[in-house]
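Engineer: Heads up, the sequence shown is in the numbering used here, so the first residue is 34 and it goes up one at a time. Glycine residues also receive a C-beta, built at the ideal position from the N, C-alpha and C atoms.
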Amino acid sequence: MLYPTISELTKDEFNRYELALATAKCARVITDEYVRQREAAEKAATGNKEADRNLINMINKEYRDEKAVKNAITRINSGEYKIVRIEESEAEVAAEAETEAVDAE
34 MLYPTISELT KDEFNRYELA LATAKCARVI TDEYVRQREA AEKAATGNKE
84 ADRNLINMIN KEYRDEKAVK NAITRINSGE YKIVRIEESE AEVAAEAETE
134 AVDAE
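(1) I'd like the span of the alpha helix (DSSP H) that includes Tyr67, first residue to last.
(2) Taking only the alpha-carbon atoms, compute the straight-line gap between Met34 and Thr43 and give it to the nearest angstrom.
(3) Could you compute how far the alpha carbon of Thr79 sits from the alpha carbon of Asn110?
(4) In or out: Ile106 buried (at least 16 other Cβ within 10 Å) or exposed?
(5) Quick check on Asp45: does DSSP put it in helix, strand or coil?
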């Protein structure tokens, strides 16, 4: 069984689609951070004979041991990441600003 449940994650404020989008975006942030840490560890370990062992230890355990989606769900459930719904009026303003910026070019 999936823990936490979908109703616990959405708190009856959001639908499953919004939860899926938020989880995917959060997982992308986590994956990007893992890639950044791995690249930094590889650069630091260049020329080191024990690079493989040290490389794994240089990456945050949370990123290397768990799947990104599971980390995202855990963070959403704990409140570390919050699902934010953009209201229609805010979305329209953002779209208009983007259109004006493109027209100005």
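Structural biologist: Working from what's here:
(1) For Tyr67, the enclosing alpha helix (DSSP H) covers residues Arg49 to Ala77.
(2) Confidence in Met34 is poor, its pLDDT being 42 and thus under 50, which makes the residue's placement unreliable; the coordinate value appears in the next sentence. Approximately 17 Å, taken between the alpha carbons.
(3) Rounded to whole angstroms, Thr79 to Asn110 spans 38 Å at the Cα level.
(4) So Ile106 ends up on the buried side.
(5) In the structure shown, Asp45 sits in coil (DSSP, three-state: anything other than H, G, I, E or B).
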